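Each remark here refers to the structure printed beneath this line.
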């Protein structure tokens, strides 16, 4: 069993669609990261959140600490959003756990 | 610097050779992380430095791997007697914060290591 589970693993959407990626975790955390890995391999940190909701442009991330669940939403999706989205959570101690990633393809 | 800098960007080496990878974090960032990503696989955490504290080395894949950081500056990841399974992209990230990764991460562009 993975400490961090993401769903779906693969997602194909039409341009303009609203997208949701889910992340559930079983470890105790102080914060959760959402990362975006572009096809070329570069990784960008999208959000770090410890409670509630954060918004940046068309991206929205929410977290429910009690339910150990987080979601990443993309509104009005665009082909440039095509990437792998990864949630990562540091538990107590120095081990960091990653979801397996959600590969998103947005079709024009 | 403006971002996390890693060098070299690409390294091709022969099996059995030692390699040294370098990471320059963003100035002022107290935390520095090393990860690797094998082809087609997810991120794998290796080691984490926080300030001047001794790092937990338990995430390193084998005793051929070692990492050092001088103060809150440059870090080097050394792989001795490289093996083909060491081939991966080695990523470095830094953050400004005192907690266990509770600050936003900034990633370098990685070092692509190929062991022939």
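Protein chains in written order, with the working numbering: chain G, 1 to 108; chain S, 109 to 224. Built from N, CA and C at the ideal position, the CB exists for glycine as well. The model shown is predicted, which means the values in this text are computed figures rather than measured ones.
Endpoints, beta strand (DSSP E) assigned at residue i
i: residue 32 of chain G; result: 32-37
i: residue 69 of chain G; result: 69-74
i: residue 63 of chain G; result: 59-64
i: residue 43 of chain G; result: 43-49
i: residue 103 of chain G; result: 102-107
i: residue 193 of chain S; result: Where residue 193 of chain S is concerned, there is no enclosing beta strand (DSSP E), given that its DSSP letter is neither H nor E.
i: residue 212 of chain S; result: From DSSP, residue 212 of chain S is part of no beta strand (DSSP E); its letter is neither H nor E.
i: residue 81 of chain G; result: Note, residue 81 of chain G: premise wrong, no beta strand (DSSP E); not H, not E.
i: residue 120 of chain S; result: 118-121
i: residue 181 of chain S; result: Here residue 181 of chain S belongs to no beta strand (DSSP E), and DSSP marks it neither H nor E.
i: residue 155 of chain S; result: 151-158
i: residue 19 of chain G; result: 19-25
i: residue 13 of chain G; result: 10-14
i: residue 139 of chain S; result: 139-145
i: residue 127 of chain S; result: 127-132
i: residue 52 of chain G; result: 52-56
i: residue 135 of chain S; result: From DSSP, residue 135 of chain S is part of no beta strand (DSSP E); its letter is neither H nor E.
i: residue 5 of chain G; result: 4-7
i: residue 221 of chain S; result: 219-223
i: residue 115 of chain S; result: 113-115
For residue j and residue i, the rounded distance between their alpha carbons
i: residue 148 of chain S; j: residue 192 of chain S; result: 15 Å
i: residue 3 of chain G; j: residue 183 of chain S; result: 28 Å
i: residue 152 of chain S; j: residue 108 of chain G; result: 33 Å
i: residue 207 of chain S; j: residue 136 of chain S; result: Only weak support exists for where residue 207 of chain S lies, its pLDDT of 49 falling under 50; the value from the coordinates is given anyway. If you take the alpha carbons of residue 207 of chain S and residue 136 of chain S, they lie about 15 Å apart.
i: residue 105 of chain G; j: residue 218 of chain S; result: 24 Å
i: residue 181 of chain S; j: residue 133 of chain S; result: 7 Å
i: residue 202 of chain S; j: residue 140 of chain S; result: 4 Å
i: residue 176 of chain S; j: residue 167 of chain S; result: 14 Å
i: residue 59 of chain G; j: residue 195 of chain S; result: 34 Å
i: residue 61 of chain G; j: residue 162 of chain S; result: 33 Å
i: residue 129 of chain S; j: residue 55 of chain G; result: 35 Å
i: residue 78 of chain G; j: residue 131 of chain S; result: 33 Å
i: residue 118 of chain S; j: residue 9 of chain G; result: 29 Å
i: residue 169 of chain S; j: residue 98 of chain G; result: 17 Å
i: residue 138 of chain S; j: residue 41 of chain G; result: 25 Å
i: residue 91 of chain G; j: residue 31 of chain G; result: Per-residue confidence for residue 91 of chain G stands at a pLDDT of 44, beneath the threshold of 50, marking its modelled position as unreliable; the derived number appears in the next sentence. Computed Cα separation, rounded: 9 Å.
i: residue 110 of chain S; j: residue 17 of chain G; result: 35 Å
i: residue 160 of chain S; j: residue 179 of chain S; result: 6 Å
i: residue 204 of chain S; j: residue 212 of chain S; result: 8 Å
i: residue 142 of chain S; j: residue 76 of chain G; result: 34 Å
i: residue 216 of chain S; j: residue 172 of chain S; result: 23 Å
Under 8 Å by beta carbon: chain C residues contacting residue i
i: residue 38 of chain G; result: The structure shown has no chain C; the protein chains it does contain are G and S.
Cβ-Cβ separation, residue j to residue i (assumed contact under 8 Å), whole Å
i: residue 13 of chain G; j: residue 21 of chain G; result: No, residue 13 of chain G and residue 21 of chain G are not in contact; Cβ-Cβ is about 11 Å, not under 8 Å.
i: residue 186 of chain S; j: residue 174 of chain S; result: 5 Å
i: residue 88 of chain G; j: residue 38 of chain G; result: Between residue 38 of chain G and residue 88 of chain G the Cβ distance is about 16 Å, and since that is not below 8 Å, they are no contact.
i: residue 36 of chain G; j: residue 83 of chain G; result: 5 Å
i: residue 102 of chain G; j: residue 85 of chain G; result: 5 Å
i: residue 127 of chain S; j: residue 199 of chain S; result: With a Cβ gap of about 15 Å, residue 127 of chain S and residue 199 of chain S do not count as contacting.
i: residue 154 of chain S; j: residue 144 of chain S; result: 6 Å
For the structure I just gave you, are there three or more beta carbon pairs, one from the segment 113-120 of chain S and one from the segment 44-53 of chain G, closer than 8 Å? Output reads no: the segment 44-53 of chain G does not touch the segment 113-120 of chain S.
Counting pairs of Cβ atoms below 8 Å between the segment 67-80 of chain G and the segment 28-47 of chain G, do you hit three or more? yes
Do three or more CB pairs link the segment 121-135 of chain S to the segment 26-38 of chain G at distances below 8 Å? no
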